[in-house]
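See structure below.
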């Protein structure tokens, strides 16, 4: 508490947005006592707390665990409900909205108020919700909670304000959509069935009004009973009893017959003239066996019976119904029966629900179906019914993010403007063919390109080794290009290869990516301890892939004794020691996990593999996983590290430049004064925790991947085993799998057998030693023990010498130490501007050469000395670890500012990003907090508890980018984007699409005189007369509870000024007027009763004394 008060005191003493100097008296920017304070560092900071605000922007991908589907045929928008209480509403490309029920209860059913801009949801907690879709962010207007009965089915007739609700008890209730209160009109199950029937008919599974007469309600019970209820006379017209359970019912548009689907795989057709028995019973996929019996079939879960103008034969579309003998080896199916033609469409995943899209919203007109929307467990497709081969439409939404589980993400804002068109042109050649030539049928809503748009790209790595590039500009997401990294390797044969012993199903899974959009260099790290370097080319090529193998396995054990002064490490310049293991050497088992193709490989235009670097097995133990990566196109260098050490590769000369253990990077300047010991005799094999499994990305599959970490529930329940695991595995592994646990920041608590991992790497122009006058190429190295090392690099300047002369580099000693693992490096000039890393301008490696103009490398160098003139030489280095952040001045290595970010938790992600024409440090903490700190003073600007429950998926995929944006994988199938910028939050409404568009409701068709004369037209009736309070009375208050929308009047005010606001105010006024009228009516009734009582008593008194004289009274 004292520390917190000191921070507040310091913050109050320093003005926000003021001049940042090392003399600020706040804990957020306390100058280190022993370090001299440079007087020339005065940065005018412009960012203040008012510049930051957390807000979710948009969610991309397939809705996780979908449950139901609905479609508005007039507005042409579609809604999908999920098991976690989410709703996705989709329209034309760009119209994509996500809303969430606060209760988190599964959405059982969705019902659009067709062309009204509203949606009714029925949830598993027996609550109905009315959503307003006439605003860019849908909101709940009313809720109705059923207390005594469970909701099983809902039906809302077109242009009706009365919703029929079926329950598990078999009763049917009626809800007024406008006031969202129950009507007193109830259809009880015991009145719907015959009195002689002793068994309960079961829950209501179907409700629909007759297309011929809206006053007739068809009620289907699970047991097989179907009842037509006359709403006017409140009695049953007919009852149907069938031996098999009913799953769905579908009317013919004329209202004279209907079809039922049953649990035995049969379809029954019923005619209203004779309801004693079905006029037709069919088993579409069941055959008659030799002994006369029929094959047992799976249930037909849903059937749609639709008529068409172009054909006298109706469409019968259903899911399921396969025989049990066939279904064992077959996938889920959707069957389309049109006349005698039967088409069976096999699906890759189980069918959740399907809808047939028709031209008309009226149920009593010829339906003319044109498409079928099929919602699968992990996919979403639309089938074109207008073509005989039933092709599917090309899906404009990014529903295939989870085609293979996402294992890593990267987010790049403000990319070069030419990168998206060129990736799209290359990726267009990868698209599948055979789609329907018609336009996407879900075309509702409106969306316009916002004014504040800039090129954004999201990169996702997947478990099968694929990498996908997505255009994320203007809060949309479109696939650009797909790269398959597995094509670099030979397919492992059964029983061969080390990879199969470790990761049986995902040896190519992507762990991290590094991409330079300017030079178009791309680098991936795979789970089998391999690194692949790609170059971009517009031309195809036959290329021999260079393969390098590295032995990076050291037997030393680290004996750690805490150093007295954490912030005073000794500095020295030791010469580079000889690596204990040279590349390619070792025992007979010194082989990599995968085998690179040795023959020349033909590569199409796009990203083409140039080089593969793999770590070898050593002494029967697999290589440790790679924990850090960086690449620099200007230097021609690639660096990666793991818990054993660091490797630097010269990818221009295709040589290993450095292969050094982490301990050897210190030389004699080890701040922990560790000693090497002989190898342990009974050293435990590290193969158990070499390969981090990917099973947590598969929600339903049971993969057997060798891994030592436990599930999240096990980690939270068993702290002892978690600590034991941490002592065995590298610190980075412990961090990723036990982030809910607080850590000790003292060095003395580090386990004696803990290996020191290289956790982050950064190439850049800096000062390798204190005495350097000019900046040179350097590699910054951060470790899991919080140590920052600096390796100066000597690179030949001439291009000819660069390709022939060797590069020299070596450690220059420890720069500083922090609490916790080092996460991020960034460099600022003395004016506070961000210094970009040098890069090489892209040139096509396979392009035609001009003999008159030889091709030369064009380098762009952002040297600290060239980026500033007034401030002199030097630059600022920002270093952030799991616990704290520091800003140091180079080349003096003086610590200017220090800020302890968290004590009870630790950071999972930290990035230096540009926001509002300035820069800040954005952090995501394991306890769910998102924080921003000013630079260079490290003054806290924002601290919001955004994600209270952080899981492993979010921890691995959360990433910040420029422009105040971030993203993470909210579920195995969805990417959630958010902004932490107040400016973008304010402009978000203009960037989102409109769900509702004013459209005139199509008029009903005129059926002509003869059809109307002979009863062909649908009979209309006034539901208000039957269901209104005047006729039906009030429902029991204990049956259901009305709940106003969570935002109440605030929501109404937000909608003010538009149609929604007028309707909302009118609805509130009507509700209030209705309540007053109800109270007046009750008082009037009491007065009438009182008057009648008085009149009766007066009449009795008059009769008693009528014949008496006045003196007898």
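Numbering (the numbering used here), first residue to last: 52 to 1164.
For each residue, glycine too, the CB sits at the ideal point set by N, CA and C.
These numbers were taken from a predicted model, which means no experiment stands behind them.
Own chain residues within Cβ distance below 8 Å of residue 467, not counting five before or after:
506, 568 and 569
Determine the DSSP secondary structure at residue 537, reduced to helix, strand or coil.
helix
Considering only C-alpha positions, which residue in the set 156, 188, 205 and 147 is nearest to residue 171?
205
I'd like the list of long-range same chain contacts for residue 403, defined as Cβ closer than 8 Å, with 5 residues on each side in sequence excluded.
117, 118, 119, 120, 426, 427 and 428
Give me the residue from 599, 717 and 809 with the minimum Cα distance to residue 701.
599
With burial defined as no fewer than 16 other Cβ atoms inside 10 Å of the residue's Cβ, what is the status of residue 981: buried or exposed?
buried
Sorted by chain position, which residues of the same chain lie with C-beta nearer than 7 Å to residue 639's C-beta, five sequence neighbours on each side aside?
A caution first: residue 639 carries a pLDDT of 42, below 50, which makes its placement in the model unreliable, though a value can still be read off. Nothing meets the Cβ criterion.
What span of residues does the beta strand (DSSP E) with residue 1091 cover, start to end?
1091–1095
Taking 8 Å as the cut-off, decide whether the C-beta atoms of residue 950 and residue 879 are in contact.
no
Using the Cα positions of residue 651 and residue 597, report the straight-line distance between them to the nearest angstrom.
10 Å
Assign residue 1019 to one of two classes, buried (16 or more other C-beta atoms within 10 Å of its C-beta) or exposed (fewer than that).
buried
Flag this pair as yes or no: are the beta carbons of residue 212 and residue 229 separated by less than 8 Å?
yes
With C-beta atoms as the reference, is residue 442 less than 8 Å away from residue 435?
yes
Spatial neighbours of residue 108 within its chain, please: C-beta separation below 8 Å, excluding the five flanking residues on both sides.
526, 1016, 1028, 1029, 1030, 1035, 1039 and 1042
Given that a residue counts as buried once 16 or more other Cβ atoms are within 10 Å of its Cβ, and exposed if not, what is residue 264?
buried
Nearest-angstrom Cα separation, counted from residue 236 out to residue 1083
5 Å
Kindly confirm or deny that the stretch 369–388 and the stretch 306–319 touch, where touching means at least three C-beta pairs closer than 8 Å.
yes
So that I know if they touch, is there some Cβ in chain C lying closer than 8 Å to that of residue 314?
Going by chain labels, chain C is absent from the structure shown, which holds only one protein chain.
Endpoints, beta strand (DSSP E) assigned at residue 653
652–654
Kindly identify the DSSP beta-bridge partner or partners of residue 302.
309
Following the continuous beta strand (DSSP E) through residue 137, name the residue where it begins and the one where it ends.
137–141
How about the stretch 241–255 and the stretch 276–285: do they share at least three Cβ pairs that are nearer than 8 Å?
yes
Three-way DSSP call (helix, strand, coil) for residue 1153 in this model
helix
For residue 943 and residue 817, I'd like the C-alpha separation in whole angstroms.
11 Å
Between the C-alpha atoms of residue 983 and residue 873, what's the straight-line distance to the nearest angstrom?
17 Å
Under 6 Å Cβ to Cβ from residue 366, same chain only, skipping five residues before and after it: list those, please.
357, 389 and 420
Endpoints, the beta strand (DSSP E) within which residue 218 is located:
213–218
Going straight from the alpha carbon of residue 637 to that of residue 860, what length do you get?
Its pLDDT being 42, under 50, residue 637 is placed unreliably by the model, and nothing is read from it.
I need the DSSP call for residue 1024, collapsed to helix, strand or coil.
coil
Would you call residue 162 buried or exposed, if buried means 16 or more other Cβ atoms sit within 10 Å of its Cβ?
buried
Which two residues bound the contiguous alpha helix (DSSP H) that contains residue 969?
Note, residue 969: premise wrong, no alpha helix (DSSP H); beta strand (DSSP E) at 969–976.
Assuming residue 989 and residue 938 form a contact by the criterion Cβ under 8 Å, report the distance between their Cβ atoms to the nearest whole angstrom.
6 Å
For residue 165 and residue 231, believed in contact at Cβ under 8 Å, the rounded distance:
Not confirmed; about 18 Å, so no contact.
Any chance the stretch 830–841 sits against the stretch 809–816, with 3 or more Cβ pairs inside 8 Å?
yes
State yes or no: is the C-beta of residue 573 within less than 8 Å of the C-beta of residue 647?
no
Opening and closing residue of the alpha helix (DSSP H) in which residue 1033 lies:
1033–1042
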